[in-house]
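Under my numbering, the first residue of the first sequence is numbered 239, with each subsequent residue one higher.
To start, the structure under review is shown below, and the notes come after it.
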Amino acid sequence: MADTPSTEPYKGVRDFYPADWRRLAGVFKKVRGLLESYGYEEYNASPLERSELYESKGNEEIINEQTYTFTDRGDRRVTLRPEMTPTLARMVSAKRRELPFPLRWYNIGNRFRYERPQRGRLREFFQTDIDLVGLPEGDADIEIVSLASAILKTFGAKETDFIIRINSRKLLAAASKAAGLDDESLRVYWQLLDKRSKMTPEAFEEARRSMPGDPLKIVEDGTEPAVAEEKRKLDALIDALAAGGVGNAVYDPGIVRGFDYYTGVIFEVFDTDIKNPRALFGGGRYDGLVALFGGDPIPAVGFAFGDVTFIDFLETHGLLPGFAGAQADLYLGTPTADRTAAQDFARALREQGVRVFVNLTDKSLSDQIKDAVKRGIPYFAAVGSEEAKSGMLKLKTLFTGAEESLPVDDVASRILS
RNA sequence: GCGGCUAUGGUGUAACGGCUAACACUGGAGCUUGUGGAGCUCUCAAUCCGAGUUCGAUUCUCGGUAGCCGCCCCA
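Written as structure tokens, this is what we have:
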């Protein structure tokens with residue numbers, strides 16, 4: 239008994255039964271439709287990557303403690319991808335001479351993080367990554383932030399349901415330089431900014447005063463020319479977004495983001511519902527990442543969002559579509575063990591695009607109807623010797639109970655209409 | 001990595017330290033061999049693991065494990 243395998247999935251990962259997967263796949267389908275309407279193409283790669291891909295960038299603690307990393311039988315160090323951006327940068331760099339820039343690429347796939355599961359955080363989750371590669375700051379940033387907004391709106395979200403908080407790494411860097419902070423105090427200051435939303439205003443002000451310099455003050459004063467210039471560019475971005483129909487983007491000095499590779503605009507999208515304070519989307523400009531593989535830098539901007547927080551958001555706001563669906567349109571019942579007639583009908587109907595399910599059990603016809611109802615299949619017809627002879631089907635609409643006799647050639651158009 | 005809460009059939013719940021661990025739903029079989037979801041009957045199925053206290057532990061204690069919720073971190 240001790241060796242009986244558990245039916246539980248591995249810690250922090252999920253099983254997707256057909257009803258679960260239908261829901262998730264339905265959301266993905268809608269996301270794909272929106273992205274493709276903007277000319278974005280889906281790419282993909284293996285979840286297995288060389289560990290070195292993550293070691294030259296990002297943050298040491300994340301790589302060492304928060305990834306699935308192991309050594310394969312050939313002594314190669316392998317990591318299950320925790321994010322897609324390095325893979326994208328690697329792929330872009332590898333074919334930099336032949337790809338038609340700018341690239342509009344997206345990927346929907348699983349990511350792995352070795353950390354303790356809690357609300358909205360699992361060890362495997364699905365993430366959508368959207369990137370625009372090969373254009374400098376400016377219109378590309380506007381398109382990317384607009385896309386984030388468009389995805390939410392295509393699910394029916396209103397601008398009052400979410401807010402886009404924007405900051406700029408260049409602005410942070412210029413202000414920090416002007417404030418004369420050394421690297422260590424800079425790190426502490428950015429951490430403080432990151433925690434601002436979790437602090438009371440008084441606590442934040444007090445912590446801010448205890449720092450050796452105050453970059454935020456320099457931004458607010460606007461007297462330092464280099465800082466004022468970056469702030470002006472950020473304001474221009476927000477104005478351009480508003481002009482393009484994205485009215486809920488705001489400057490937020492508390493947006494910092496954890497990764498070192500961001501070089502320009504950074505942003506996060508939040509639910510305006512205070513019960514759900516987690517970031518829904520996050521991203522920014524990373525102009526230096528592709529150059530890590532050699533060659534000239536290729537500028538890029540993008541963002542990503544995970545399925546767990548996204549679906550939480552949709553549910554919270556009553557925006558999750560039903561995605562009601564059944565495994566088939568028509569259930570062909572078989573009164574006897576001879577199912578050849580039913581199979582013949584099924585083949586003909588499938589060629590006309592009907593999803594047909596043929597009963598293969600020995601259940602009574604009445605149980606077969608119950609089975610069809612339980613499965614949510616909308617139409618039922620029994621096929622036995624009578625039907626084989628006449629070529630007529632008695633098509634029953636299970637939802638209403640109505641039954642009509644149709645020649646088999648008319649069944650497909652009736653069901654699909 | 002740190003802390004809090006929880007753990008009983010597949011699911012949701014019940015059981016002053018004391019009888020054969022109860023109920024509902026679900027699953028299976030039947031009433032019903034060419035047409036409905038109901039109803040009725042029967043039936044499968046559980047105290048997370050390991051110590052301890054006790055005459056006796058689902059119940060109390062400790063440890064482990066798992067889940068949830070926070071913290072850290074967050075690509």
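A virtual CB, placed ideally from N, CA and C, is assigned to each residue, including glycine.
- By the criterion of a C-beta distance shorter than 8 Å, D258 is surrounded in its chain by R252, once the five residues flanking it on both sides are discounted.
- CA-CA distance, F519 to Y489, rounds to 16 Å.
- The DSSP-derived three-state label of P324 is helix.
- Secondary structure note for P645: it is in no alpha helix (DSSP H), and the uninterrupted beta strand (DSSP E) holding it is 641-645.
- No Cβ-Cβ contact shorter than 8 Å links Q581 with R613.
- Shown here for A283: same chain residues with a beta carbon closer than 6 Å to its own, the five before and five after excluded, namely T325 in chain order.
- The alpha helix (DSSP H) runs lying completely inside the segment 518-556 and spanning 4 residues or more are 545-554, given in chain order.
- Across the set K391, G533, I607, K455, the C-alpha of G533 shows the shortest separation from the C-alpha of S331.
- Annotation: the segment 342-397 contains the following complete segments of the alpha helix (DSSP H) (minimum length 4 residues), in chain order: 377-392.
- Ranked by how close their Cα comes to the Cα of P320, the residues E362, E641, R334 have E362 in first place.
- In terms of Cβ geometry, Y281 and N345 form a close pair [threshold 8 Å].
- Ranking F508, L454, I493 by CA distance to the CA of T398 puts F508 first.
- Proximity to Y278 across N486, D367, R288 peaks at D367, based on C-alpha coordinates.
- A distance below 7 Å between beta-carbons, with the five flanking residues on each side excluded, links F618 to the following residues of its chain, in chain order: Y569, G571, I607, A610, K634, L636.
- The three-state secondary structure of A566, taken from DSSP, is coil.
- The closest CA to that of K627, considering only P645, I615, S406, is found on P645.
- Ranking G372, Y306, F350, T461 by CA distance to the CA of R335 puts G372 first.
- For E641, the CB contacts under 6 Å within the same chain, skipping 5 residues up- and downstream, are K632, K634 in chain order.
- Just measuring C-alpha positions, the residue of M329, Y255, R260 sitting nearest G563 is R260.
- Per DSSP, R585 lies in no beta strand (DSSP E) segment; the continuous alpha helix (DSSP H) that holds it begins and ends at 578-589.
- Counting the other CB atoms within 10 Å of its CB gives V426 a total below 16, which places it among the exposed residues.
- The residue from V269, L291, F551, L430 with its alpha-carbon nearest to that of R516 is F551.
- Around the beta carbon of A395, 16 or more other beta carbons sit within 10 angstroms, so the residue counts as buried.
- Here M630 carries a strand assignment [DSSP, helix/strand/coil].
- Taking all protein chains in view, the Cβ of G560 is surrounded by fewer than 16 other Cβ atoms within 10 Å, so the residue is classified as exposed.
- Going by beta carbons, D576 and R593 fall outside the 8 Å limit.
- Following the DSSP letters along the chain, one finds D509 inside the beta strand (DSSP E) bounded by residues 503-509.
- A straight line joining the alpha-carbon of N486 with that of A584 spans about 52 Å.
- Between G540 and G521, the gap from beta carbon to beta carbon is short of 8 Å.
- Per DSSP, the unbroken alpha helix (DSSP H) holding I607 starts and ends at 603-613.
- Separation of Y276 and D377 (C-alpha to C-alpha, rounded to the nearest whole angstrom) is 14 Å.
- In the DSSP secondary-structure assignment, F254 is not bridged to any residue.
- DSSP places G571 in the strand class (E or B) of the three-state scheme.
- Taking the CA atoms as reference points, E458 sits about 24 Å from V484.
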